[in-house]
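Everything on this sheet refers to the single structure shown next.
Numbering (the working numbering), first residue to last: 192 to 542.
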């Protein structure tokens with residue numbers, strides 16, 4: 192296959208290489224004292240008034256001092272390199288309600304929180320629950336296993352670090368746009384295969400269409416944008432499901448090349464999140480990872496992050512095929528996992 196048959200090479204800030212980002216380090220933004228004080232004051236006031244975090248809106252959480260940095264983070268995610276880290280907040284690891292109110296309140300100024308699982312959790316907990324992915328209903332974020340580079344089912348995913356691991360648990364990012372450019376140049380024949388639908392396992396969270404899997408290409412070119420959607424473990428585990436087309440040798444080779452490029456230190460960026468750090472990642476142009484980690488052996492000290500999946504006003508248009516996973520492609524009101532009779536809620540403990 193000729194390169195000319197594929198979408199053009201992606202140019203601009205979303206197609207980056209990890210060593211360049213590590214050297215620049217301008218993706219890490221430190222909040223000033225006034226911004227931190229404003230955010231903490233609003234979180235404290237909301238909780239003191241008995242507010243339900245799941246019902247919070249941005250009108251409940253006014254942030255005039257902090258809005259420029261939040262708006263800048265959204266713009267950088269959607270139109271720049273695709274990620275931003277904010278530092279300066281206390282982690283409030285021993286006061287989950289305070290941490291959750293802070294994080295969710297900031298999120299209301301970015302977009303609309305979406306359900307992250309079949310239980311309707313719009314506030315997620317990323318920590319080890321003593322589970323194993325040998326159980327088909329378990330997701331990797333509930334274990335200490337490496338996650339591998341993947342996307343989540345929303346426009347922007349946000350993470351707040353409460354506690355780190357004893358060792359490991361590094362965050363990793365890689366540009367799916369750079370992966371595309373490299374495959375386009377080196378193996379256009381394999382790049383072409385990633386524009387064809389591939390089955391991805393829903394891991395038991397069956398949505399309205401009644402299927403145990405969805406079929407969306409890894410790469411999707413639409414309305415002038417190239418977007419990526421990929422969960423390597425769940426593409427592989429979908430092969431066990433009835434009715435799923437079996438991957439060809441060429442498709443497996445294409446996936447292996449994609450994974451190898453994502454794992455290449457010449458492309459990716461790894462870094463630790465400190466307690467209190469916030470990280471926001473644009474799923475349509477980036478993949479994220481977490482290395483395997485060792486716990487402290489004390490449940491009260493376990494590695495723990497909070498997570499938001501956000502639908503963002505002003506985000507890029509997505510093709511109709513995304514509705515299989517996102518439920519809708521309506522900008523500002525899409526993404527997440529909605530199963531029958533799900534009631535949205537924001538649990539303050541991992542469940």
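C-beta atoms are modelled at their ideal positions from N, C-alpha and C, and glycine is treated no differently.
Remember, it's a predicted structure, so these values are computed and weren't measured experimentally.
Name, in chain order, the residues that DSSP records as bridge partners for residue 500.
For residue 500, which the question treats as bridged, DSSP gives the partners 348.
Assign residue 439 to buried or exposed, taking buried as 16 or more other Cβ atoms, counted over all protein chains shown, within 10 Å of its Cβ.
Under this definition residue 439 is an exposed residue.
Could you please give the first and the last residue of the uninterrupted beta strand (DSSP E) stretch that includes residue 374?
No beta strand (DSSP E) holds residue 374; the alpha helix (DSSP H) holding it covers 367-377.
Through-space distance from residue 211 to residue 495, alpha-carbon basis:
Rounded to the nearest angstrom, the two C-alpha atoms are 29 Å apart.
What ranges does the alpha helix (DSSP H) occupy inside the segment 267-332, keeping only unbroken runs of at least 4 residues that lie completely in it?
Within the segment 267-332, the complete alpha helix (DSSP H) runs of at least 4 residues fall at 287-299.
Could you please give the first and the last residue of the uninterrupted alpha helix (DSSP H) stretch that includes residue 418?
From DSSP, residue 418 is part of no alpha helix (DSSP H) but of the beta strand (DSSP E) over 416-419.
Which residue or residues does DSSP assign as beta-bridge partners of residue 364?
Residue pairing from DSSP places residue 364 in a beta bridge opposite 460 and 479.
If you check the beta carbons only, do residue 541 and residue 384 fall under 9 Å apart?
No, these two residues do not count as a Cβ contact at 9 Å.
Give a yes or no on contact between the segment 452-464 and the segment 370-377, applying the rule of three or more CB pairs nearer than 8 Å.
Yes, they touch.
Are the beta-carbon atoms of residue 467 and residue 254 separated by less than 9 Å?
Result no, Cβ atoms of residue 467 and residue 254 do not sit closer than 9 Å.
Residue 397 - DSSP class collapsed to helix/strand/coil
Shown here, residue 397 sits in coil according to DSSP, grouped into three states, outside any helix or strand.
For residue 239 and residue 288, I'd like the C-alpha separation in whole angstroms.
Between residue 239 and residue 288, the C-alpha separation is close to 11 Å.
Who are the Cβ neighbours of residue 525 in its own chain at under 6 Å, not counting the five residues just before and after it?
Excluding positions up to five away in sequence, the list reads 502, 517 and 519.
Excluding sequence positions up to five away, which residues of its chain have a Cβ less than 6 Å from the Cβ of residue 226?
Excluding the 5 residues flanking it on each side, residue 226 has same chain C-beta neighbours closer than 6 Å at 256 and 257, in chain order.
State the start and end residues of the unbroken alpha helix (DSSP H) segment that holds residue 445.
Under the DSSP assignment, residue 445 falls in the alpha helix (DSSP H) whose first and last residues are 440-453.
By the DSSP assignment, the beta strand (DSSP E) with residue 469 in it spans what residues?
Note, residue 469: beta strand (DSSP E), 469-473.
Applying the criterion that 16 or more other CB atoms from any shown protein chain within 10 Å of the CB defines a buried residue, is residue 403 buried or exposed?
Under this definition residue 403 is a buried residue.
Residue 250 classed as buried or exposed, judged by whether at least 16 other C-beta atoms fall within 10 angstroms
Counting the other CB atoms within 10 Å of its CB gives residue 250 a total below 16, which places it among the exposed residues.
Hey, residue 347 and residue 471 are a contact pair by Cβ (cut 8 Å); roughly how many whole angstroms apart?
Rounded to whole angstroms, the Cβ separation of residue 347 and residue 471 is 6 Å, and the two are in contact under 8 Å.
Touching or not, the segment 348-355 and the segment 528-536, by the rule of three or more beta carbon pairs under 8 Å?
In short, these stretches do not touch, since the Cβ pair count stays below three.
Write down the C-beta distance between residue 417 and residue 368 rounded to the nearest angstrom, noting that I regard them as a contact closer than 8 Å.
Contact flag correct, Cβ pair sits at about 7 Å.
When the Cα of residue 303 is compared with those of 538, 537, 534 and 500, which residue comes out closest?
Looking at the Cα atoms, 500 is the closest of the given residues.
Residue nearest to residue 290 in terms of C-alpha spacing, selected from 301, 204, 445 and 244:
Closest option to residue 290, Cα to Cα, is 244.
Give a yes or no on contact between the segment 213-230 and the segment 422-437, applying the rule of three or more CB pairs nearer than 8 Å.
Too few Cβ pairs lie closer than 8 Å, so no.
Can you check which of these residues, 445, 469, 199 and 510, is closest to residue 545 by C-alpha distance?
No answer is possible for residue 545: the residues shown for the chain start at 192 and end at 542.
On the criterion of 16 or more Cβ atoms from any shown chain inside 10 Å, does residue 298 qualify as buried, or is it exposed?
When all chains shown are included, residue 298 counts as buried.
Nearest-angstrom Cα distance between residue 263 and residue 436?
The alpha-carbon separation between residue 263 and residue 436 amounts to approximately 43 Å.
Reduced DSSP category for residue 403 - H, G, I as helix; E, B as strand; rest coil
If DSSP states are grouped into helix, strand and coil, residue 403 belongs with coil.
Cutoff 7 Å; reference residue 378; Cβ partners in own chain excluding five residues on either side
Excluding sequence neighbours, residue 378 sits near 448.
Is it right to say residue 311 is buried, meaning 16 or more other beta carbons lie within 10 angstroms of its own, or is it exposed?
Buried, because 16 or more other Cβ atoms sit within 10 Å of the Cβ of residue 311.
Put residue 197 into one of helix, strand or coil per three-state DSSP.
Residue 197: coil per DSSP, three-state reduction.
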